[in-house]
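In full-length UniProt numbering, the protein residues as written are 1 to 434. All C-beta atoms, glycine included, are put in the ideal place defined by N, C-alpha and C. Structure first, commentary second.
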């Protein structure tokens, strides 16, 4: 059996997965599309809907299994059931749903998700149904060990499900679907859409806060010899990144709550967006990219084998893998208004300069370089690396900005047009008044 710390983080991740698919199922059930009423089978004829149910069953079973394991001190039959469900249904079906949907979507979206459907299923829900599900189950498979059943059991269950699904078909209604009616119906159902969006943001930000609080707690338990050197843990960018992410997600939670109460965005949302754009996203991605990049070249330069005894693999992944997954997903599904470049890039480069001066000062005072590879570099090579690191940070800043424009570009153009129209309308009124 793994340690209680390992099972603690498994339990938290399974709770987050259950919350994600519960909310997805709830929002999916609110949609009353004509195709659900006019064709036999309702929502149960759609593999996407069945997939959400399967994932919810899987993560719920996983939670109960984790709790039973923590209480009894050994794996129970629910853990075996969890592994069978994951291997034979949850993972392959979820990957099939995401891969086929986006594959057909890229070739010809009208074949699977016509433009008119966006008025019934908004983009954020579409991503929950066809993107988040795959991300969640891939992360589950990457960080949780599953014992696969024998092929005749696992493959038999999967093919039996496929056969049962293919043999079930709906009888079409005589009348064609009319998207105009669907639009009117969706508008009635979606009166509180903004509150729904803010609620799911709140849930995801709570999950992020729990994740980084748990990571910080376990990082603080580690008493490595280099932590006693001048500067303590605060000389490590990895540790500062965890603090930064925890601050970001905490501010995001408070901002979401205030938005739900007041019914409009508060100043904390603007602060959240500036913090995300200038620090949280670029620094987190930089930490992950540089750590694993150097690790693959020569792990002794960044994380010698002896460190495995101090920082176990699951905590190492929390510090250098999960953090990037969390912030990338945050950027993909939450719209952030980027500040002007001189503000966002200025804050980022100011932080970089301050950090580089800080670790140089630590080396000057204690003779200890935070990262082993800096110790073997010459002065000129070190300066060149610092300059290169600054350019990489700037690249990740613009990468985040381009990603936001790519995902939310249409909405941003619409908002800018509305602002221009409102300003021009105000000017006309002022001219008439004069």
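| Item | Value |
| --- | --- |
| How do the segment 279-294 and the segment 231-244 stand: do at least 3 beta-carbon pairs fall below 8 Å, yes or no? | yes |
| At what residues does the alpha helix (DSSP H) containing residue 152 begin and finish? | 151-167 |
| Would you mind stating whether residue 65 and residue 79 have Cβ atoms separated by less than 8 Å? | yes |
| Scan the segment 36-96 and note each continuous alpha helix (DSSP H) run of 4 residues or more that stays entirely inside, going in chain order. | 47-72, 77-85 |
| I'd like the ranges of any alpha helix (DSSP H) spanning at least 4 consecutive residues and lying wholly in the segment 314-357. | 323-333 |
| To the nearest angstrom, how far is the alpha carbon of residue 158 from that of residue 90? | 10 Å |
| So what's residue 298 in DSSP terms, helix, strand or just coil? | helix |
| By Cβ distance below 7 Å, which residues in the same chain neighbour residue 229 in space, the five residues on each side in sequence not counted? | 366, 368 |
| DSSP three-state call for residue 312: helix, strand or coil? | coil |
| Using the rule of at least 16 other Cβ atoms within 10 Å of the residue's Cβ for burial, across every protein chain shown, is residue 354 buried or exposed? | exposed |
| Is residue 269 helix, strand or coil by DSSP? | helix |
| Got a sec, what are the start and stop residues for the alpha helix (DSSP H) residue 373 sits in? | 372-375 |
| Can you grab the Cα-Cα spacing for the pair residue 222 / residue 394, in whole Å? | 32 Å |
| Would the segment 250-257 and the segment 382-390 be scored as touching if the rule is three or more Cβ pairs under 8 Å? | no |
| Going by alpha carbons, who is nearest to residue 202 out of 376, 245, 260? | 260 |
| By how many angstroms is the C-alpha of residue 236 removed from the C-alpha of residue 209? | 21 Å |
| Closer than 6 Å by C-beta to residue 62: which residues in its own chain qualify, once you throw out the five before and the five after it? Chain order, please. | 14, 82 |
| How far does the alpha helix (DSSP H) with residue 255 in it extend, from its first residue to its last? | 237-262 |
| Just to confirm my understanding: we take residue 19, look at its own chain, exclude 5 residues before and 5 after, and list those with CB closer than 8 Å. What are they? | 203, 207 |
| Please classify residue 118: is it buried, with 16 or more other beta-carbons within 10 angstroms of its beta-carbon, or exposed? | exposed |
| Which same chain residues end up closer than 8 Å to residue 392 when comparing Cβ atoms and leaving out the 5 residues on each side of it in sequence? | 286, 289, 290 |
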